[in-house]
Structure formats: C-alpha cells, structure tokens
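Enquirer: Sending over a structure as structure tokens; questions will come in a sec.
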Amino acid sequence: MRLIDGKAIAQEIKEEVRDRIASEGIKAALAVILVGNDPASQVYVGNKKKACEFCGIRSISHELPAETTEEEVTELIRKLNNDPEVSGILCQLPLPEGINEKRVIETIAPEKDVDGFTVRSAGALFAGEEGFLPCTPAGIIELLKRSGVELEGKNCVVMGRSNIVGKPMAQLLLRENATVTVTHSRTKNIREITSRADILVVAVGKPMMVDAGYIREGAVVIDVGIHRLNPDENGGRKLCGDVDFESVKEKAGLITPVPGGVGPMTIAMLMANTLKAAAASCDSNRRKFRNALSEMRRSLS
Ligand code: GUN
Numbered sequence: 004m005r006l007i008d009g010k011a012i013a014q015e016i017k018e019e020v021r022d023r024i025a026s027e028g029i030k031a032a033l034a035v036i037l038v039g040n041d042p043a044s045q046v047y048v049g050n051k052k053k054a055c056e057f058c059g060i061r062s063i064s065h066e067l068p069a070e071t072t073e074e075e076v077t078e079l080i081r082k083l084n085n086d087p088e089v090s091g092i093l094c095q096l097p098l099p100e101g102i103n104e105k106r107v108i109e110t111i112a113p114e115k116d117v118d119g120f121t122v123r124s125a126g127a128l129f130a131g132e133e134g135f136l137p138c139t140p141a142g143i144i145e146l147l148k149r150s151g152v153e154l155e156g157k158n159c160v161v162m163g164r165s166n167i168v169g170k171p172m173a174q175l176l177l178r179e180n181a182t183v184t185v186t187h188s189r190t191k192n193i194r195e196i197t198s199r200a201d202i203l204v205v206a207v208g209k210p211m212m213v214d215a216g217y218i219r220e221g222a223v224v225i226d227v228g229i230h231r232l233n234p235d236e237n238g239g240r241k242l243c244g245d246v247d248f249e250s251v252k253e254k255a256g257l258i259t260p261v262p263g264g265v266g267p268m269t270i271a272m273l274m275a276n277t278l279k280a281a282a283a284s285c286d287s288n289r290r291k292f293r294n295a296l297s298e299m300r301r302s303l304s
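So, in structure tokens, the structure goes:
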C-alpha cells in the first residue's frame, strides 16, 4: 500500500498559485464570510486565511454574530459582488439555523463563486462548460492525476450523492472518461458494487464505515470524511475518515490518510479558483479599458 500525500500535493499547488500571482502581478482578494461560532468552521476559515497569506491573496474577513439575519448576509454579499477589489466570495457553511443556505449561496455572483456552490456553477459542470469547480471533487481529480493514477476507462465508484461532493465528483470522473457508479444510503448490495471499483471515493459522512469488505485488492481509495472522535473510540487517533484506515490499508493499493489527504486539497483548489477569478477579472478590466479607449478614439476622430 502507498499513501497519497495530500498535504505535499496541496503545497505544490499553493506554490504554483503563489508564483503565478507574483510573476504576473495579479491582485487577488478573497472575501470570507463566517456567521456564528461553530468551532470546526472557525478552524476551516482560519486555515483558508493562512493559505491566502501564503499565496499572496488578500483575505477580507467578515465574521458576523450568530444572530445575523439572512437579509444582512445577502446584503453583504451583494456589496461584495459589486466591489471590484473582491475577486472571490466564500460563505462558510453551515449557516446558523433560520438562515436559508440556498438563498444565501445563490446571491453570490457567478464570476465570484470560488466555492463552485451556485446552481449556475453546478449547471456549467454538468453541461461541460467553463465555470468554477467545487473545491473538494476538483482537488480529488488533481490528487489522482498528480499521483499518476490513470482515470480513462477505469471503474470508479462514488459513495455518497451530496451536491458538494458526490454528484460533482461523478461528473468530473465522467469528464475524465471513467465509468462511474454512484451509491447512496438506499443502494442494495453495496459491497458487491464497491468491491468492483478500481477507484473508490468515499463521501458518506459516517466515521470508519468502509472496511476491507468494501474494497477490491489493489484499489485506489479516496477518503473524503473527517470526524473528530474521543481518543478511545479510534485507537488513540483523534481524527478519522469515512474509511476504517487500519482495516483497509493492507488491501488498498493507494489510499489517502485522514488528516493529510483530501482536506488540504480543498483549500489548495480554493486558492486556485480565487486566482482564476482574479485573472478573469483582470482580463475583463483590460478588455473594458481597451473598448473604452477605442470608443474615445472613435468619438474624437
Ligand atoms: N463547509 C464545509 N466545507 C466547506 C467548503 O468547502 N466551503 C464552504 N463554504 N463551507 C464549507
């Protein structure tokens, strides 16, 4: 068994983002909205800000109290949509009860949707058009490619059908010419299906659910889950994934650890998306400037 080092690959991507921002003199800024005081969200947001600092992306923090109303959040997003200094907008989920997440997310302008969560971004992915890809599944494709895993013609099974991971993951694998099966909580004979997978992506949200019985000998196993357990629940490890690592490690050919697998990739892809948004906005400003200039010349001649 070989480990896929998500931390190292994420670092490589962040360095590429940093170098491009520096060499092309791109001005990139990410607005980060955090509502309430969910401890896990605070850690994630802190890590995203650190990554911004590393890459040379300005992070603009909006930390709002739990009592904030939906209208206040959407008003803030509209302001950020219209702010030419802001390249991307990230609204950390989950939002406190009483705020409709869908409505909030849909307020984000498509050209600033660096999380790839809006219906417009999802539609672009499904139609094979240009748009922002959701960071976790895009990060998994990057992990696989940079680990030398061939995808074309492979039997891929995605466990889980969420809008953020399972569904876009299946689409991205399809785009790479893999044969894709999606399983979910109502799937029958699930082990029969997963044990035929060359590549198994596990995004079920259940701690250590997938053991060796789900895996084909030599398969590539990607664990998207992250759970905090009491130390005695998991042999002294505080964090675990959806995969029972100890059970699977000898049978899998390649496997992502938790932590240090998929998690760091999500943040690296967020940086890559923010760079893409900033570069597109630079291009569009240049175009606008050129058009205004030629318009001015025309009117003077
Ligand atoms: N909550 C958990 N993961 C994510 C993520 O990738 N983006 C946002 N905005 N919220 C999250």
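Residue 135 in my numbering sits at position 132 of the sequence shown, and the numbers go up by one each step.
Think of the CB as a built atom: it goes at the ideal place given N, C-alpha and C, for glycine as much as any other residue.
1) Please indicate yes or no: does the CB of threonine 121 lie closer than 7 Å to some heavy atom of the ligand GUN?
2) Measuring straight from C-alpha to C-alpha, what distance separates lysine 170 and glutamate 155?
3) Around the C-beta of glycine 151, are 16 or more other C-beta atoms found within 10 angstroms, so that it is buried, or is it exposed?
4) If you count every other CB in all the chains shown that lies within 10 Å of the CB of asparagine 276, and 16 or more means buried, which is it?
5) What is the DSSP secondary structure of arginine 344, reduced to helix, strand or coil?
6) Taking just the CA atoms, how far does alanine 222 sit from alanine 43?
7) Measuring alpha carbon to alpha carbon, tell me which of Tyr47, Ile36 and Phe120 ends up nearest leucine 2.
8) Can you tell me whether isoleucine 16 is helix, strand or coil according to DSSP?
9) Could you pull out every residue in the same chain whose Cβ sits closer than 7 Å to the Cβ of cysteine 285, ignoring the five residues on either side in sequence?
10) Can you check the stretch 188-224 for any alpha helix (DSSP H) of at least 4 residues that lies completely inside it and give the ranges in chain order?
11) Since I believe serine 90 is in contact with alanine 32 (beta carbons under 8 Å), could you give me their beta-carbon distance rounded to a whole number of angstroms?
12) For aspartate 235, count the other beta carbons within 10 Å of its own beta carbon; 16 or more makes it buried, fewer makes it exposed. Which is it?
13) With the cut-off set at 8 Å, would you say glycine 256 and glycine 244 are in Cβ contact?
14) Can you find the residues in the same chain that come closer than 6 Å, C-beta to C-beta, to arginine 61, ignoring five residues on each side of it along the sequence?
15) For a test of your reading of the model: does the CB of aspartate 245 fall under 7 Å from any non-hydrogen atom of the ligand ADP? Yes or no.
16) Give a single yes or no on whether threonine 269 has its beta carbon closer than 7 Å to a heavy atom of the ligand GUN.
17) Report the rounded CA-to-CA distance for valine 48 versus isoleucine 270, giving the unit in angstroms.
18) Could you tell me the boundaries of the alpha helix (DSSP H) in which isoleucine 111 lies?
19) So, at 7 Å on beta carbons, what are the nonlocal neighbours of glutamate 133 in its own chain, with the 5 sequence-adjacent residues on each side left out?
20) Taking 7 Å as the line, does the beta carbon of cysteine 285 fall inside it for any heavy atom of the ligand GUN?
21) Within this structure, are the beta carbons of glycine 9 and methionine 212 separated by less than 8 Å?
22) Which residue's Cα is closest to the Cα of valine 161: Leu232, Arg178, Thr197 and Ser304?
23) In the DSSP assignment, find the unbroken alpha helix (DSSP H) run with glycine 1 in it and report its ends.
Expert: Answer, in terms of the structure:
1) no
2) 19 Å
3) exposed
4) buried
5) As shown, the chain starts at 4 and ends at 304. That puts residue 344 outside it, with no answer to give.
6) 31 Å
7) Nothing in the structure corresponds to residue 2, since the chain is present only between 4 and 304.
8) helix
9) Ile29
10) 193-197
11) 5 Å
12) exposed
13) No.
14) Ala32
15) In terms of ligand content, the structure shown lacks the ligand ADP and carries the ligand GUN instead.
16) Under cutoff, so the answer is yes.
17) 10 Å
18) No alpha helix (DSSP H) contains isoleucine 111, which DSSP labels as neither H nor E.
19) Ala127
20) Not one heavy atom of the ligand GUN sits closer than 7 Å to the Cβ of cysteine 285.
21) no
22) Selected option, being the one with the closest Cα: Thr197.
23) A question about residue 1 goes unanswered here, because the residues of the chain that appear run from 4 up to 304.
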